[in-house]
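Just so we're aligned, residue 2 is where the sequence shown starts under the working numbering, counting upward by one.
One structure below.
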Amino acid sequence: MTTKNFFDKQSDSTAVKIKILQEYFKGYLPKLLLTFGNCLVADLFCGTGKNGKEDGSALIFIKEANNFLNDKTIVKKQPGAKVYLFFSDGDKQNIKQLKQNISNIEKNDRVIIRRKSYSFDEIFNSITEKLKEAKIPKFFFLDPFSYASFSMDQLRQLMNLLNTEVLFFWPYNEVYRFKTMQGIEKYPSLIKFLQEFTTKGIFDYESQKEFLNSIKEKIKHDLQIDLVRPIEINAGSTKKCLFLLTKHWEGMLLMNQIAWKRAEGGSSVSIRKMNYKQNSLFSKTQMDNLTLEMREFEDSLKDFLTNNPNATNDEIVYFTIKEGFLPRHIVEIFNKCKWIEKVIPISKSYKKGLYISADTLRKNKRFCKFRYKF
Ligand SMILES: C[S@@+](CC[C@H](N)C(=O)[O-])C[C@H]1O[C@@H](n2cnc3c(N)ncnc32)[C@H](O)[C@@H]1O
């Protein structure tokens, strides 16, 4: 599908992107509104709000915000809760069409919508300037047609704002074998991108996974943040990717849960194998046998524990979430591989058990450390 007819019909990879965005936003919004009472969403490449008959990002944000603000729990606990939605797109026609599409749906008065036609570079400075001191939690969704649409420095400036998360979506189907690519010198924006966004630069990556990992490590390094997560969307010749950048482990945990429900090995949604419109597409990943990803995780867990011999239960849980896995995976590895020699209590309230769950972080439960046999 070319960029020209993007809005005529929703492609398979766009449908998966929207599904993941919707699931994430659905899980993320309640946590924010119950804690802060408001939040700001900025969809800065918003399009028209529709892809053919299906909802695009803008309508998904509006509908989910409506649903949640009408929810009995939020009405009771945070009666004044508000969601501010800002939509912008470089194409005036798209914003006009978005206005039309928004007028066709119901809106709660506490969903406050602004839309403007600006290019990303035009709007960027005024947004970062206006939000410099703002404590309101902010969620930026960046969904351009091309990877060359924003810079690492712009990502850094967004993530430097208080209480901020960024979710971006990139097509990267062009290539990932770059060193031996004929005539790469004719593509200066590709060279600039590789130098700016990957640790290895112009290199023949062995797999998409290696390429995405190289981007992940570069973002972590340059932005000095721990929690960066790619999810690959593999639609045959079209390869795309969502990246979540967050400063809070709850955000990363939520995306990990979605990824482990939706993606093979927690990292790649393959559209050929799975039909996203049926539940079976996202069938539960088989965890009975240790998959390749689990074996790799087991190795990094061993490295972590070797370097941190006094690691406590909560530190192990944080490490696991940061690596893109779930607390249940640690229990699975411990049980399958029988590497615990001893659980050492460090708190009087310790009762026998592993205490490996997200609740250990949520409730700050530092109960025990483990002695491992390698
Ligand atoms: C992939 S579409 C967005 C789709 C939308 N998120 C959805 O879910 O329906 C990319 C959009 O980015 C806009 N765009 C491309 N380059 C831009 C730029 N530099 N600044 C602002 N908008 C841009 C295009 O007009 C297009 O509407």
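In this text, a Cβ means the ideal position worked out from N, Cα and C, and glycines have one as well.
Model, not experiment: these values are computed from the prediction.
Same chain, Cβ closer than 6 angstroms to valine 42, neighbours up to 5 away in sequence not counted | Along the sequence shown, one-based indexing puts residue 42 at 41. Cβ within range, chain order: Phe62, Leu86 and Phe140.
For the beta strand (DSSP E) containing phenylalanine 371, list its first residue and its last residue.
-> In the sequence shown, counting from the first residue as 1, residue 371 sits at position 370. Where phenylalanine 371 is concerned, the enclosing beta strand (DSSP E) stretches over 369-373.
May I ask you to list the residues that DSSP assigns as paired with asparagine 52?
-> In the sequence shown, the residue the question calls residue 52 occupies position 51. Note: asparagine 52 sits in a beta bridge opposite Glu55.
Smallest Cα separation from serine 89: which of Ala135, Thr49 and Phe8?
-> Reading the sequence shown from its first residue, position 88 is the one you call residue 89. With distances taken between Cα atoms, serine 89 lies closest to Thr49.
When every heavy atom of ligand 1 is checked, does at least one fall within less than 6 angstroms of the C-beta of asparagine 95?
-> Along the sequence shown, read from residue 1 onward, the residue named residue 95 stands at position 94. For ligand 1, at least one heavy atom lies less than 6 angstroms from the Cβ of asparagine 95.
Keeping to the same chain, check which residues put their C-beta closer than 7 angstroms to that of leucine 254; ignore five residues upstream and five downstream.
-> On the sequence shown, position 253 is the one that residue 254 refers to. These residues qualify, in order along the chain: Ile322 and Ala359.
Endpoints, alpha helix (DSSP H) assigned at cysteine 338 = Counted from its first residue, the sequence shown places residue 338 at position 337. 328-338 is the extent of the alpha helix (DSSP H) around cysteine 338.
Kindly identify the DSSP beta-bridge partner or partners of isoleucine 232.
-> Here the question's residue 232 lines up with position 231 in the sequence shown. DSSP output for isoleucine 232 lists Leu243 as bridge partner(s).
Got a sec: does ligand 1 put a non-hydrogen atom nearer than 6 angstroms to the Cβ of serine 152?
-> Walking along the sequence shown from the start, residue 152 turns up at place 151. Checking the Cβ of serine 152 against ligand 1 gives no.
Whose C-beta lies closer than 7 angstroms to the C-beta of threonine 15 among residues of the same chain, with five residues either side of it excluded?
-> Translated into positions along the sequence shown, residue 15 becomes position 14. These residues qualify, in order along the chain: Asn52.
The stretch 128-135 contacting the stretch 27-35, beta-carbon criterion three pairs below 8 angstroms | no
Give me the Cβ distance between isoleucine 259 and tyrosine 25, rounded to the nearest whole Å; I'm assuming they're in contact under 8 angstroms.
-> For the purposes of this step, residue 259 is taken as the residue at position 258 of the sequence shown. For the purposes of this step, residue 25 is taken as the residue at position 24 of the sequence shown. Contact between isoleucine 259 and tyrosine 25 holds, since their C-beta atoms are separated by about 6 angstroms, short of 8 angstroms.
Does DSSP classify tyrosine 277 as helix, strand or coil?
-> Taking the first residue of the sequence shown as 1, we reach residue 277 at position 276. In this prediction, tyrosine 277 has a pLDDT of 44, which is less than 50 and means its spatial position is unreliable; what the coordinates show is noted afterwards. Looking at tyrosine 277 - three-state DSSP - the assignment turns out to be coil, as it is neither helix nor strand.
Beta-carbon gap between asparagine 235 and glycine 325 smaller than 7 angstroms | Here residue 235 refers to the residue found at position 234 when the sequence shown is read from its first residue. Here residue 325 refers to the residue found at position 324 when the sequence shown is read from its first residue. Taking 7 angstroms as the Cβ cut-off, asparagine 235 and glycine 325 do not qualify as a contacting pair.
To the nearest angstrom, how far is it from the Cα of leucine 60 to the Cα of leucine 306?
-> Position 59 of the sequence shown, counted from the start, is the residue given in the question as residue 60. Position 305 of the sequence shown, counted from the start, is the residue given in the question as residue 306. Taking the straight line from one Cα to the other gives about 45 angstroms.
Which same chain residues, not among the five before or five after glutamine 158, have their C-beta less than 6 angstroms away from its C-beta?
-> One-based indexing of the sequence shown puts residue 158 at position 157. Thr129.
How close, in whole Å, do the beta carbons of glutamate 316 and glycine 252 come, if the pair is a contact with beta carbons under 8 angstroms?
-> Position 315 of the sequence shown holds residue 316. Position 251 of the sequence shown holds residue 252. Incorrect: roughly 19 angstroms between the Cβ atoms, too far for contact.
Pairing CB atoms from the stretch 225-240 with CB atoms from the stretch 196-204, are three or more of them under 8 angstroms?
-> At 8 angstroms Cβ cutoff, the stretches do not touch.
Cα separation between leucine 163 and glutamate 299?
-> On the sequence shown, residue 163 is found 162 positions in, with the first residue counted as 1. On the sequence shown, residue 299 is found 298 positions in, with the first residue counted as 1. Roughly 34 angstroms between the two C-alpha positions.
Contacting residues, own chain, Cβ-Cβ under 6 angstroms from lysine 343 (five flanking each side not counted) | Here the question's residue 343 lines up with position 342 in the sequence shown. The residues are Arg372.
Same chain, Cβ closer than 6 angstroms to aspartate 223, neighbours up to 5 away in sequence not counted = Locating residue 223 in the sequence shown gives position 222, counting from the first residue. Once the five neighbours on either side are set aside, the close Cβ partners of aspartate 223 are Met153.
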